[in-house]
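Participant: Here's a structure for you.
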Amino acid sequence: MRTYNPRQRILVTGGAGFLGSHLIDRLLERGDEVVCADNLFTGTKRNVEHLHSHPRFEFIRHDVTFPLYIEVDQIYNLACPASPIHYQHDPVQTTKTSVHGAINMLGLAKRLKARIFQASTSEVYGDPAVHPQTEDYWGNVNPIGLRSCYDEGKRCAETLFFDYYRQHRLDIRVARIFNTYGPRMHPNDGRVVSNFIVQALRGEDITLYGDGLQTRSFCYVDDLIEGFIRYMDLPYGEDGGPGHPGPLNLGNPGEFTIRQLAEMIIELIGARSRLVFLPLPADDPMQRKPDISRAREYLGWEPLVPLDEGLKKTIAYFDELLCTGA
Ligand code: NAD
Ligand code: UDP
Ligand code: UDP
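This is the structure we're talking about:
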């Protein structure tokens, strides 16, 4: 039985971003009230423009590194730049967003006795020595490299979440999200799916970093959001459910080389782009694939959208974006 109580007021931090805006759409669809708090660093008002006059939607421009005093029933904490270009732009701010942002949102949840969800990441596993990655793997992370502001910030946020759970009995949900793609990704954030689609649509060269044999697993955004909501609604412990599942991997276990992804996108678009090989960025993980047994067991969840189908929807989005010059 679900504990979900209709018409809750839900705070989504980072709600004007790629994942946050899809989450808000789903929450509004099922009847919740949503407050979106975002400083618009990487997010854009365009992602939530269609909700402008929605009676159950409110946008507040707010930076989560500062305290926030509002009244809500649940919190989804997604605020954080997610692509290497963005999070390396101001690395100190990235760590602050993860760490101070987590402290403030946990403090808010503690005062309100509200359930709180953290958007963590597969990056907590670093360049993994275990494959596929299970939640009990502790990771292989460089603490002083270019990706560390993001990886260590997210690791510290997980520490804070589990300490608030143990120390203050807070109702926490920590999702380790693996690479996700779909409409509303940023066209210029340097992530592989958006880069390759934009390059192929423009007939430009496709930029493969390294030999293109590194692997990733790509989850379509609708599948991921379904996982978020099931996890947030999961009863556990004192609610009569099983014990706390701990962090949950959410992602698509299908594993592709970056070269395969490039070839698939070229074929779907019918592009004439050539593949060009550029140097591999520092600390770029060679392999990544989630073990989602725990999410399957606890949430009865698994991704349903195959890569080619999700890519077609994403290509259609970028095609329109490039045509309208937005
Ligand atoms: P995004 O950049 O599109 O969204 C992040 C949002 O957070 C943006 O709207 C941005 O303006 C906002 N933000 C950044 N710093 C903030 C601050 N200090 N205060 C308030 N708002 C702030 O990225 P996304 O892909 O939607 O990612 C959302 C979350 O999911 C992030 O926490 C990210 O780390 C996590 N995640 C995403 C992926 C993925 O593949 N997309 C994978 C793993 C984890
Ligand atoms: N906080 C907030 N909103 C609230 C309650 C707390 O933003 O409604 C912030 C506040 O800045 C505080 C942080 O959350 O510093 C951590 O709160 P907590 O109560 O855990 O710790 P303390 O206030 O004792 O530092
Ligand atoms: N990548 C690439 N060409 C690009 C952008 C990325 O070959 O134009 C590679 C990148 O080096 C990495 C993989 O694609 O190995 C995924 O990169 P992304 O930044 O999307 O995600 P992450 O590295 O955080 O998983």
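Final position of the sequence shown in UniProt numbering is 326; the numbers increase by one with none missing. Note that beta-carbon positions come from the ideal geometry of N, C-alpha and C, so glycine has one too. As the structure is a computational prediction, the values presented were derived from the model and not from experiment.
Should Ile292 be labelled buried (16 or more other beta-carbon atoms within 10 Å of its own) or exposed?
Facilitator: Ile292 is buried by the Cβ-count criterion.
Participant: Between Glu33 and Leu51, what straight-line distance do the alpha-carbon atoms span, to the nearest angstrom?
Facilitator: C-alpha separation (whole angstroms): 12 Å.
Participant: Less than 9 Å between the C-beta atoms of Phe178 and Leu250, yes or no?
Facilitator: In this structure, Leu250 lies closer than 9 Å to Phe178 by Cβ.
Participant: In terms of alpha-carbon separation, which member of Thr13, Lys45 and Gln74 lies closest to Phe66?
Facilitator: The shortest C-alpha separation from Phe66 is found at Thr13.
Participant: So is the beta-carbon of Cys149 under 8 Å away from any non-hydrogen atom of ligand 1?
Facilitator: For ligand 1, not one heavy atom lies less than 8 Å from the Cβ of Cys149.
Participant: Ignoring anything shorter than 4 residues, give me the alpha helix (DSSP H) runs that lie fully in the region 21 to 92, in order along the chain.
Facilitator: Taking only runs of at least 4 residues, the alpha helix (DSSP H) segments lying wholly in the region 21 to 92 are 84 to 87.
Participant: Three Cβ pairs or more, each shorter than 8 Å: is that satisfied between the region 140 to 151 and the region 190 to 206?
Facilitator: These segments do not touch.
Participant: Can you look up Gln199 in the DSSP assignment and give me helix, strand or coil?
Facilitator: Helix, per DSSP.
Participant: Under 9 Å, do Ile10 and Val72 count as touching if we go by C-beta distance?
Facilitator: For Ile10 and Val72, yes; Cβs fall inside 9 Å.
Participant: Applying the criterion that 16 or more other CB atoms from any shown protein chain within 10 Å of the CB defines a buried residue, is Lys289 buried or exposed?
Facilitator: Buried, by the Cβ-count rule.
Participant: Can you tell me whether Tyr165 is helix, strand or coil according to DSSP?
Facilitator: Tyr165: helix per DSSP, three-state reduction.
Participant: Ligand 3 and Gln214: does the residue's C-beta get closer than 8 Å to at least one heavy atom of that ligand?
Facilitator: Flag set: Cβ of Gln214 near ligand 3.
Participant: Grouping DSSP H, G and I as helix and E and B as strand, with all else coil, what is Asn252?
Facilitator: Of the three classes helix, strand and coil, the one that applies to Asn252 here is coil, per DSSP.
Participant: Using only the heavy atoms of ligand 3, determine whether one of them is closer than 8 Å to the beta carbon of Asp205.
Facilitator: Checking the Cβ of Asp205 against ligand 3 gives no.
Participant: Tell me which same chain residues have a C-beta within less than 8 Å of the C-beta of Gly182, skipping the five on either side of it?
Facilitator: Cβ within range, chain order: Phe18, His22, Tyr220, Val221, Asp222, Gly310, Lys313, Thr314 and Tyr317.
Participant: Taking the straight line between their C-alpha atoms, what separation do you get for Leu78 and Thr121?
Facilitator: Going by the C-alpha atoms only, they are around 11 Å apart.
Participant: Taking His100 as the reference, give the member of Arg274, Ala114, Pro303 and Cys156 with the closest Cα.
Facilitator: Here the closest residue by C-alpha is Cys156.
Participant: Taking just the CA atoms, how far does Gly227 sit from Tyr69?
Facilitator: If I take the Cα positions, the gap works out to 28 Å.
Participant: Any chance the CB of Lys110 is under 8 Å from a heavy atom of ligand 4?
Facilitator: Judged by which ligands are present, ligand 4 is missing from the structure shown, whose ligands are ligand 1, ligand 2 and ligand 3.
Participant: To the nearest angstrom, how far is it from the Cα of Ser53 to the Cα of Ala82?
Facilitator: Each residue's Cα considered, the two are about 28 Å apart.
Participant: Distance check for Tyr236 and Leu170, CA to CA, integer angstroms please.
Facilitator: Going from the Cα of Leu170 to the Cα of Tyr236 covers about 12 Å.
Participant: For ligand 3, any of its heavy atoms closer than 8 Å to the Cβ of Arg288?
Facilitator: Yes, the beta carbon of Arg288 sits closer than 8 Å to at least one heavy atom of ligand 3.
Participant: Rounding to the nearest angstrom, what Cα-Cα distance links Asn142 and Pro55 in this structure?
Facilitator: Approximately 46 Å between the Cα atoms of the pair.
Participant: With a threshold of 8 Å on Cβ separation, who are the neighbours of Thr42 within its own chain once the five nearest residues in sequence on each side are excluded?
Facilitator: Answer for Thr42: Gly17, Pro81, Ala82, Ser83, His86, His186 and Asp189, listed in chain order.
Participant: Let me know if Val35 comes out buried or exposed under the rule of 16 or more other beta-carbons within 10 Å of its beta-carbon.
Facilitator: Val35 should be labelled buried.
Participant: Here's a check: name, in chain order, each residue in its chain whose Cβ is nearer than 6 Å to the Cβ of Glu302, leaving out the five neighbours to either side.
Facilitator: The residues are Arg296.
Participant: May I ask you to report which of helix, strand or coil DSSP gives Ser273?
Facilitator: Coil.
Participant: His299 by DSSP, collapsed to three states: which one?
Facilitator: Before going on, a small fix: residue 299 reads as Leu here, not His. Three-state DSSP puts Leu299 in a helix.
Participant: Alpha carbon to alpha carbon, what distance is there between Glu263 and Val64?
Facilitator: Rounded to the nearest angstrom, the two C-alpha atoms are 40 Å apart.
Participant: Let's test the definition: count the other Cβ atoms within 10 Å of the Cβ of Thr159 and tell me whether it reaches 16, buried, or not, exposed.
Facilitator: It is exposed - the Cβ of Thr159 has fewer than 16 other Cβ atoms within 10 Å.
Participant: Are Glu135 and Gly246 close, meaning C-beta to C-beta below 9 Å?
Facilitator: Their beta carbons are under 9 Å apart, which means Glu135 touches Gly246 by this criterion.
Participant: Identify the residues that DSSP records as bridge partners of Leu208: which are they?
Facilitator: Its beta-bridge partners are Phe277.
Participant: According to DSSP, is Ser217 part of a helix, a strand, or is it coil?
Facilitator: If DSSP states are grouped into helix, strand and coil, Ser217 belongs with coil.
Participant: Is any non-hydrogen atom of ligand 2 found closer than 8 Å to the C-beta of His50, if you look at the structure I gave you?
Facilitator: Every heavy atom of ligand 2 is 8 Å or more from the Cβ of His50, so no.
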